[in-house]
Structures are given as structure tokens and as C-alpha cells.
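Asks: Pasting a structure below so you can have a look.
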Amino acid sequence: MRATWLLLLALALGVALGQEADPREEAKKQKELLLKTAGILPTELVVAQGEELFNRKGPSGRTMAECDFGLGKGVLEGAAARLPRYFLDTGKVEDLDSRILTCMTRVQGFKPEQIRRSEVVAVAFYIASKSTGHKIQVRLLFPQERELYALGEKLFYARTGQRDVGCATCHVTYVGRRAGVLSYADVLGQDKSWTHWPAYRYSNDQTWTMQDRIRACYGNIGHPPPNLYSLPILALELFMAYNNNGAVVEEWPAFVR
Amino acid sequence: MAIRVIVRLTPAKPKAGEEFRLQAVAQHPNEPGTRKDAEGKIIPAKYINLVEVYFEGGKVAEARPGPSTSANPLYGFKFKAEKPGTFTVKLKDTDGDTGEGTVKLELA
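In order, the protein sequences belong to chains A and B. In terms of the numbering used here, the first sequence has 729 at position 133, counting the first letter as 1, and numbering is strictly consecutive. In terms of the numbering used here, the second sequence has 51 at position 49, counting the first letter as 1, and numbering is strictly consecutive.
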């Protein structure tokens with residue numbers, strides 16, 4: 597008798613767990629709800645802020661329209677989908693965040709200590725919004741790009757920190773399983789995670805780019821996060837972007853949990 | 003610094019005589035003046051305490067929100083669509099900073 601009850605309980609529990617909504621579907625629902633009630637997404641405010649900052653004149657009297665984001669001066673359509681890439685003027689591989697930083701310091705004449713991270717993120721949201729619907733096209737043309745890609749691949753599969761895990765532990769080995777609410781994304785495969793950032797995280801009211809996401813990942817595995825705009829982050833970004841080549845950007849900035 | 007405001011109508015193009023909502027989202031920290039920073043010092047109050055809605059220059063609605071409003075607040079007003087025109091939402095906070103957003107009302 598008792599065994600039957602236990603069996604029934606286990607069955608009921610199984611049904612209850614099985615009925616849990618897919619968090620990605622939930623994010624979509626949340627977005628629709630917000631659009632229905634408010635009519636305005638928080639991302640739109642940040643994009644508007646980014647546009648204002650983009651057209652703001654720096655100490656040198658120039659706006660960001662004077663900067664080259666990879667497709668020529670002031671060309672933003674699809675520019676973010678082709679980053680990170682090697683830039684001849686700086687001699688470095690740069691992603692969207694670091695390119696904005698370069699633009700603000702080199703062209704606009706801001707001092708590095710004057711630049712606020714929130715402003716960089718807002719501009720990144722604005723520039724990324726111009727790549728919605730574009731395909732990710734990242735190339736490994738220059739030796740610097742190939743070198744950084746190799747470093748990124750190494751870092752992605754390296755295990756480190758207190759728990760002796762790495763990016764690949766969750767995002768390759770344990771794809772589909774979960775530790776928190778969300779199941780681990782198949783970063784290199786079908787989930788095309790590169791196209792999910794920059795994004796607004798509605799559960800925490802955060803505006804994040806991929807740089808913040810990677811830093812948080814390192815925090816999760818008990819490893820000190822690399823600095824913003826640093827080489828390990830750029831390497832991982834290039835590695836992920838290249839492996840997501842051809843993926844279509846559904847919406848930038850994205851709206852995630 | 004100007005307060006950033008986005009204004010929308012739901013539905014975007016109401017029929018004549020139909021009720022619609024005018025909604026405005028502002029980018030503002032809305033500090034109530036009771037929170038403390040990392041050093042334990044009180045963060046001074048700075049919140050939006052006046053929301054005015056103008057239609058074609060004439061004031062049609064006003065709200066005076068208190069300190070207990072969330073950051074990046076959403077304000078909504080219900081109106082009845084009669085004639086097309088432009089709505090202007092004007093905000094003012096306790097520091098005297100202002101913001102303005104406009105939206106056009108077009109009848110379906």
C-alpha cells in the first residue's frame with residue numbers, strides 16, 4: 597500500500613516538473629506582457645539613450661559618426677554582426693564594446709577615466725539594434741584574428757577555478773541539463789548564444805553585453821572574472837562568434853530572463 | 003540633465019470615440035531619499051513629482067507622484083479619442099530637471 601502511494605507521489609512530482617514552462621518561452625511571454633501593458637520595452641529607453649550618446653559631441657567636437665565600426669565611417673547597418681574583427685588603425689582585434697571605447701578615447705577625445713560603463717553599454721545597444729535581422733559574419737582573415745581565435749578555443753575548453761570546470765563543462769558536456777532555472781545553452785551549436793547578447797535581463801533589470809555575460813560565467817565557476825575589454829574576453833567572444841557564423845540575429849538588443 | 007521619455011498610445015491608432023491609453027516611460031532613478039549607499043550615507047531624494055499631459059497646447063491631465071515610485075517609471079492615462087493631434091508629456095523632478103516626450107494621435 598505504502599509503495600503504491602510513493603509511486604503515485606513520484607508520478608505526480610514527475611508530472612509537475614514536466615509541466616514547467618520552457619524559460620525561453622517564458623521570456624517571450626514576459627516580453628509580450630510588457631508590450632501589452634506598457635507598450636514600451638526597457639531596451640527601447642536604453643537604445644534611445646545610446647542614440648543620444650552616439651550623437652553627442654566629445655571634447656574634440658566630434659560625434660561617434662566619425663568612427664569606423666568596421667564598415668566605414670558612421671556605417672552602422674550590420675556592423676555589429678561582423679564584430680569582433682581586426683582593426684588596422686589600432687592594430688588590435690576589437691569587439692563592439694572595445695571599439696566604442698576606442699572611438700570615445702581616440703576620436704572623441706574623452707579620457708579613459710571619464711568613460712562610464714553604462715554609457716558604453718547604451719551605445720552598444722544602439723549600434724547592435726542596427727544589426728537586427730543580419731547574419732553573423734565573422735572572419736579569421738588576419739593572423740591576429742587567427743591567433744586570438746586559437747586562444748579563445750583554448751580558454752573555452754580549459755578547466756580552472758575552485759570547481760575545476762570551464763566554459764565547455766556546462767556549454768558542451770552538460771548542455772540541456774541545468775543548475776539554476778535555465779538549462780545550459782548549447783553555445784556553439786543550435787542555441788546560437790552569440791546572437792543573444794547584448795540583452796536586457798528582465799528578472800534582474802540589467803543591461804548586459806557579452807562581456808558582462810562572460811564575466812558572470814567566470815564568477816559562477818568560482819574563477820576571478822577577467823577585466824572588461826581584456827584579452828581573454830575578446831578571445832572567447834571571437835571564438836563564439838566565429839562558431840555562430842551564419843546565425844541570424846533575431847533581435848538586438850535581446851530580451852532575456 | 004534632461005529626463006529621457008518615450009510616449010506611446012495603445013492601441014496605436016484608436017477609432018473616434020474609442021478609449022485609449024497614453025503611456026510614458028521615463029529613464030529616471032527615482033531615489034526616494036531613504037536608501038543608503040555602500041558607505042551608509044543616505045542617498046539624497048531625487049524623484050519625479052510632476053507629470054503633465056498636454057494636448058495641442060492645453061493641459062488635459064496632471065499627476066503628482068510621490069517618492070515611492072519605481073526607477074524608470076511607467077505612467078498611464080486613459081483618454082477618449084475625439085480628434086487627431088499631438089500629446090506632450092512633461093516631467094519634472096525634485097531637482098527641477100525636466101523631460102518631454104511627444105506622440106501623435108491619429109484616428110483609424
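The beta carbon of each residue, even a glycine, is placed where N, CA and C say it ideally should be. This structure is a prediction, so every number in the text was calculated from the model and none was measured.
1) Within the continuous alpha helix (DSSP H) that includes Ile8 (chain B), where are the two ends?
2) Considering Cα atoms alone, identify which of B:Thr12, B:Gln29, B:His30 is closest to Phe22 (chain B).
3) Just to confirm the assignment, what range does the beta strand (DSSP E) spanning Tyr77 (chain B) have?
4) Have a look at Tyr825 (chain A) and Ile636 (chain A) and give me their C-alpha separation to the nearest angstrom.
5) Ala644 (chain A) CB to nearest chain B CB: under 8 Å?
6) Which value, in whole angstroms, describes the spacing of the CA atoms of Ala612 (chain A) and Arg853 (chain A)?
7) Rounded to whole angstroms, what is the Cα-Cα separation between Gly19 (chain B) and Ala110 (chain B)?
8) From the DSSP output, in three-state form, read off Asp782 (chain A) for me.
9) To the nearest angstrom, report how far apart Gly654 (chain A) and Phe706 (chain A) are at their CA atoms.
10) Of the residues B:Leu52, B:Pro75, B:Leu76, B:Gly59, which one's Cα is nearest the Cα of Ala65 (chain B)?
11) Comparing alpha-carbon positions, which option in A:Ala676, A:Glu648, A:Thr803 lies nearest Ala837 (chain A)?
12) Are there any heavy atoms of the ligand ZN lying less than 7 Å away from the beta-carbon of Ser727 (chain A), as far as the coordinates show?
13) Name the chain B residues whose beta carbon is nearer than 8 Å to that of Gly635 (chain A)?
14) On the DSSP letters alone, give me the boundaries of the beta strand (DSSP E) that Leu641 (chain A) sits inside.
15) Rounded to whole angstroms, what's the CA-CA distance from Leu784 (chain A) to Lys106 (chain B)? Just pull it up for me.
16) Would you verify that the beta carbon of Gly614 (chain A) is, or is not, closer than 8 Å to some beta carbon of chain B?
17) Please list the terminal residues of the continuous alpha helix (DSSP H) segment that includes Val53 (chain B).
18) Taking DSSP as the reference, what is the three-state secondary structure of Thr756 (chain A)?
19) Just tell me which of A:Leu778, A:Ala764, A:Ala795 has its CA closest to the CA of Tyr814 (chain A).
20) Could you tell me which residues DSSP pairs with Val845 (chain A) in its beta bridges?
21) What's the C-alpha gap between Gln710 (chain A) and Gly772 (chain A)?
22) Looking at the strands, I want to know which residues DSSP matches up with Val761 (chain A).
23) Who are the Cβ neighbours of Tyr1 (chain B) in its own chain at under 6 Å, not counting the five residues just before and after it?
24) So, does the CB of Asn74 (chain B) fall closer than 8 Å to a CB anywhere in chain A?
25) Looking at chain A, is there any beta carbon in it that lies within less than 8 Å of the beta carbon of Arg37 (chain B)?
26) Please classify Glu715 (chain A): does DSSP put it in a helix, a strand, or coil?
Replies: Well, looking at it:
1) Per DSSP, Ile8 (chain B) is not a residue of any alpha helix (DSSP H); the beta strand (DSSP E) it occupies stretches across 6 to 12.
2) B:Thr12
3) 76 to 82
4) 31 Å
5) yes
6) With a pLDDT of only 48 at Ala612 (chain A), under 50, the local geometry of the prediction cannot be trusted, and no value is derived from it.
7) 11 Å
8) coil
9) 7 Å
10) B:Leu52
11) A:Ala676 is the residue among A:Ala676, A:Glu648, A:Thr803 whose C-alpha sits nearest the C-alpha of Ala837 (chain A).
12) Questions concerning the ligand ZN fall outside what the structure shown contains, since it holds no ligand whatsoever.
13) In chain order: Arg10, Leu11, Thr12, Arg23, Gln25.
14) Not the beta strand (DSSP E): Leu641 (chain A) falls in the alpha helix (DSSP H), residues 638 to 650.
15) 45 Å
16) Unreliable placement is indicated for Gly614 (chain A), whose pLDDT of 48 sits below 50; no coordinate value is reported for it.
17) For Val53 (chain B), no alpha helix (DSSP H) encloses it; the enclosing beta strand (DSSP E) starts and ends at 50 to 57.
18) strand
19) When the alpha-carbon of Tyr814 (chain A) is set against those of A:Leu778, A:Ala764, A:Ala795, the nearest one is in A:Ala764.
20) DSSP lists no partner for Val845 (chain A).
21) 42 Å
22) A:Thr756
23) Lying before the first or after the last residue shown, residue 1 (chain B) is absent from chain B, which here runs from 3 to 110.
24) yes
25) no
26) DSSP places Glu715 (chain A) in helix when its eight states are reduced to three.
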